[in-house]
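Participant: Under the numbering used here, the first residue of the sequence shown is numbered 24, with each subsequent residue one higher.
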Amino acid sequence: MQVLDTPESTKDSQIDGMNCLVKESLESDGLVLKSDVSVPPIGSDEVRIKVIATAVCGTDKSIYNSSSSEGIRREMMRYFDDKSEFNPIIVGHEFCGIVDALGSGVTAERFSDVPENLRLSAGDYVTCEMHLSCGHCFQCRTGAEHICTRVKVKGVHLDGCFAEYVTVPYKNVILLGKDGDTKTIPPKVGAMLDAFGNAVHTVYEADVRGKSVAILGAGPLGLMAAFLCRDFGAARIYLTEAADVDRRFKLGEEFGADFCFDVSSGSQKVYDAVEKYETMANGVDVVLEMSGSPSAYRDAFKIVRNGGTVLLLGITRKPLDNFDIANGVIWKGVTVKGIFGRKMFDTWETMLSLLNAEKLDITTKLDKILATKTYRLSEYEEAFTNLTSGEEMKLVFEP
Ligand SMILES: [Zn+2]
Ligand SMILES: [Zn+2]
24 MQVLDTPEST KDSQIDGMNC LVKESLESDG LVLKSDVSVP PIGSDEVRIK
74 VIATAVCGTD KSIYNSSSSE GIRREMMRYF DDKSEFNPII VGHEFCGIVD
124 ALGSGVTAER FSDVPENLRL SAGDYVTCEM HLSCGHCFQC RTGAEHICTR
174 VKVKGVHLDG CFAEYVTVPY KNVILLGKDG DTKTIPPKVG AMLDAFGNAV
224 HTVYEADVRG KSVAILGAGP LGLMAAFLCR DFGAARIYLT EAADVDRRFK
274 LGEEFGADFC FDVSSGSQKV YDAVEKYETM ANGVDVVLEM SGSPSAYRDA
324 FKIVRNGGTV LLLGITRKPL DNFDIANGVI WKGVTVKGIF GRKMFDTWET
374 MLSLLNAEKL DITTKLDKIL ATKTYRLSEY EEAFTNLTSG EEMKLVFEP
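1. Name the DSSP bridge partner or partners of Ser235?
2. Determine the burial state of His169: buried for a count of at least 16 other Cβ atoms within 10 Å of its Cβ, exposed for fewer.
3. Nearer than 7 Å: is that true of the beta carbon of Arg365 relative to any heavy atom of ligand 2?
4. Suppose you measure from the CA of Glu69 to the CA of Asp204; what does that come to, to the nearest Å?
5. Report the rounded CA-to-CA distance for Ser288 versus Arg321, giving the unit in angstroms.
6. Measure the alpha-carbon distance for Lys106 versus Thr190 and round it to whole angstroms.
7. Which whole runs of the alpha helix (DSSP H) in the region 355–403 are 4 residues long or more, in chain order?
8. Does the count of Cβ pairs from the region 80–97 and the region 147–164 closer than 8 Å reach three?
9. Let me know if Asp254 comes out buried or exposed under the rule of 16 or more other beta-carbons within 10 Å of its beta-carbon.
10. Go through its chain and collect everything with a Cβ distance to Pro30's Cβ below 6 Å, but skip five positions before and after it.
11. The alpha helix (DSSP H) spanning Leu244 covers which residue range?
12. Please state if the CB of Tyr300 and the CB of Lys325 are separated by a distance shorter than 8 Å.
13. Taking DSSP's pairing of strands, which residues face Lys206 in a bridge?
14. In angstroms, rounded to a whole number, what distance separates the CA positions of Val309 and Ser58?
15. Shorter than 7 Å, the distance from the beta carbon of Ala218 to the closest heavy atom of ligand 1, or not?
16. So for Met100, helix, strand or coil by DSSP?
17. Among Asp202, Val196, Asp269, Lys201, which has the Cα closest to the Cα of Leu19?
18. Can you determine whether any heavy atom of ligand 1 sits closer than 7 Å to the C-beta of Thr77, and answer yes or no?
19. On the three-state DSSP scale, how would you describe Asp35?
20. According to DSSP, simplified to helix, strand and coil, what is Pro63?
21. Measuring CA to CA, which of Leu143, Ile208, Asn221 is closest to Lys7?
22. Using CA coordinates, which residue listed in Phe219, Leu262, Glu152 is at the minimum distance from Ser235?
23. On the CB-based measure, 16 or more other CB atoms within 10 Å of its CB, does His154 come out buried or exposed?
24. So, helix, strand or coil for Thr29, using DSSP?
25. Where does Leu199 sit, in a helix, a strand or coil, going by DSSP?
26. Where does Pro192 fall in DSSP's three states?
27. Mark Trp371 as exposed unless 16 or more other C-beta atoms lie within 10 angstroms of its C-beta, in which case mark it buried.
28. Here's a check: name, in chain order, each residue in its chain whose Cβ is nearer than 8 Å to the Cβ of Gly356, leaving out the five neighbours to either side.
29. The alpha helix (DSSP H) with Glu276 in it runs from where to where?
30. From this set, Asp202, Lys73, Glu117, Val307, which residue's C-alpha is nearest Ala218's C-alpha?
31. Report the three-state DSSP secondary structure of Asn88 (helix, strand or coil).
32. Does ligand 1 have even one heavy atom less than 7 Å from the beta-carbon of His180?
33. CB-CB under 8 Å to Ser316, same chain, minus the five flanking residues each way: which ones, in chain order?
34. Suppose the cutoff is 7 Å on Cβ atoms and the five residues either side in sequence are ignored; what does the same chain contact list for Val268 look like?
35. Let me know the secondary structure DSSP gives Ile338 once reduced to three states.
36. Using only the alpha-carbon positions, how far apart do Lys391 and Asp104 sit?
Structure (structure tokens):
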């Protein structure tokens with residue numbers, strides 16, 4: 024991040040300073056709205072994008088409340104040699120926008136053999152994978168870039184997209200519409216595809232066709248998983264949540280959940296329902312843990328059937344105490360898999376197919392998860408207050 028009027032900031036003198044939200048110190052909560060940060064210069068292999076809409080997720084909430092979130096502080100310091108030094112960065116990693124300019128190495132000439140409709144040009148409507156893989160580690164070289172050992176995340180380790188402009192490697196840009204065409208995927212939805220990708224990645228790791236599925240956590244990702252499981256032909260869908268249950272269960276039922284359980288004062292009702300309906304298998308086939316709540320981990324391994332599958336996307340704030348791995352996993356022969364990010368770029372291609380499938384009407388469903396109000400960057404304090412209080416589940420800034 025470069026602040027204007029420093030010696031290095033002359034590269035883009037044709038555009039004045041931009042508005043952006045910056046994390047200045049990990050020791051104190053909040054962000055700082057700046058208007059004097061220079062528009063980022065474009066590296067040769069990069070693309071600069073003018074941000075139309077940018078969504079806020081749980082990671083941003085942790086960054087906002089960094090003083091009480093040791094995990095995110097440790098992660099944000101990961102690439103600093105001197106663990107006491109933190110350089111301020113622009114936060115935000117979910118967005119969509121319009122290509123403003125291409126780096127010198129990714130011009131039209133280089134891609135002259137790429138079909139016109141797939142070629143990236145200034146003015147195109149795009150989103151991005153903001154996890155930048157190193158390209159060299161074992162995982163990157165064996166088709167598992169999404170779990171690269173040296174991944175850098177824009178908005179966590181590098182400047183992100185709560186800003187008017189952001190630069191990203193050409194390879195990470197996802198074309199949503201040529202010539203700024205936002206008809207199929209409206210910008211509010213285009214801004215939340217990073218999150219949608221987490222849900223798609225999770226559901227795709229289990230075969231849910233004709234299966235009973237329990238989704239633990241009815242936040243944005245759990246709700247997305249609910250309609251995906253319904254669309255993909257799950258036999259029965261159980262959904263649990265401990266907060267804001269009226270609104271979340273209303274959407275959950277609309278999206279196809281068969282049973283919704285408020286687990287704020289215990290999970291016995293879920294256990295009873297699973298025992299009643301899953302008598303043949305003695306548990307559900309697939310559990311998707313989307314909440315990060317310690318009690319949900321206990322529930323997951325209690326209700327999964329012997330030989331079933333548990334997919335873990337939610338992130339616990341601290342290591343689990345007293346996890347009974349023998350009873351929960353080993354003797355039941357359960358398959359457990361952690362899900363991180365989106366597969367590069369399988370998940371993105373799948374998402375584009377889903378979003379373009381008119382009859383699934385996924386954009387309408389995604390829009391229902393979002394706050395009706397869109398916020399200006401300058402309203403960030405109100406936005407984060409509403410997210411932290413649970414008044415809004417997910418919201419979008421329009422810089
Ligand atoms: Zn996110
Ligand atoms: Zn790598």
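Built from N, CA and C at the ideal position, the CB exists for glycine as well.
Facilitator: Once the coordinates are examined:
1. In the DSSP output, where bridge partners are listed per residue, Ser235 has Arg259.
2. With 16 or more other Cβ atoms within 10 Å, it is buried.
3. No, the beta carbon of Arg365 sits no closer than 7 Å to any heavy atom of ligand 2.
4. Glu69 and Asp204 have their C-alpha atoms some 22 Å from each other.
5. In a straight line, the C-alpha of Ser288 is about 14 Å away from that of Arg321.
6. Note on geometry: alpha-carbon atoms of Lys106 and Thr190 lie some 26 Å from one another.
7. Counting only runs that start and end inside the region 355–403, the alpha helix (DSSP H) elements of at least 4 residues fall at 369–379, 385–392.
8. The region 80–97 is not in contact with the region 147–164.
9. Under this definition Asp254 is a buried residue.
10. Confidence in Pro30 is poor, its pLDDT being 44 and thus under 50, which makes the residue's placement unreliable; the coordinate value appears in the next sentence. Its chain contains no residue whose beta carbon lies nearer than 6 Å to that of Pro30 once the 5 sequence neighbours on both sides are disregarded.
11. If you look at Leu244, you'll find it in the alpha helix (DSSP H) that goes 243–254.
12. Against a cut-off of 8 Å, the Cβ pair of Tyr300 and Lys325 comes out as no contact.
13. Under DSSP, Lys206 forms no beta bridge with any residue.
14. Rounded to the nearest whole angstrom, the C-alpha separation of Val309 and Ser58 is 48 Å.
15. Result yes, Cβ under 7 Å from ligand 1.
16. Shown here, Met100 sits in coil according to DSSP, grouped into three states, outside any helix or strand.
17. With the chain running from 24 to 422 in the structure shown, residue 19 is simply not present.
18. Taking non-hydrogen atoms of ligand 1 into account, the C-beta of Thr77 is found less than 7 Å away from none of them.
19. Because the pLDDT of Asp35 is 48, which lies under 50, any placement of that residue in the model is unreliable, and the question is left without a value.
20. If DSSP states are grouped into helix, strand and coil, Pro63 belongs with coil.
21. There is no way to answer for residue 7, as the model of the chain reaches only from 24 to 422.
22. That would be Leu262, whose Cα lies nearest to the Cα of Ser235.
23. Its Cβ being crowded by 16 or more others within 10 Å, His154 is buried.
24. Bear in mind that a pLDDT of 45 at Thr29, under 50, signals an unreliable position, so the number given afterwards is only what the model happens to contain. The answer is coil: DSSP assigns Thr29 none of H, G, I, E or B.
25. Of the three classes helix, strand and coil, the one that applies to Leu199 here is strand, per DSSP.
26. Here Pro192 sits in strand by DSSP.
27. Only buried fits Trp371, as 16 or more other CB atoms lie within 10 angstroms of its CB.
28. Only residues of its own chain outside the window of five on either side were considered, and among them Asn329, Gly330 have a CB closer than 8 Å to the CB of Gly356, listed in chain order.
29. 268–277 is the span of the alpha helix (DSSP H), which, as asked, contains Glu276.
30. Comparing Cα positions, the closest option is Glu117.
31. Secondary structure of Asn88 (DSSP, three-state): coil.
32. Flag unset: Cβ of His180 not near ligand 1.
33. Only residues of its own chain outside the window of five on either side were considered, and among them Leu239, Gly240, Ala265, Gly337, Thr339 have a CB closer than 8 Å to the CB of Ser316, listed in chain order.
34. For Val268, where only same-chain residues beyond five positions count, the Cβ hits under 7 Å are Asp285.
35. Note: Ile338 maps to coil in three-state DSSP.
36. So the alpha carbons of these two residues sit roughly 43 Å apart.
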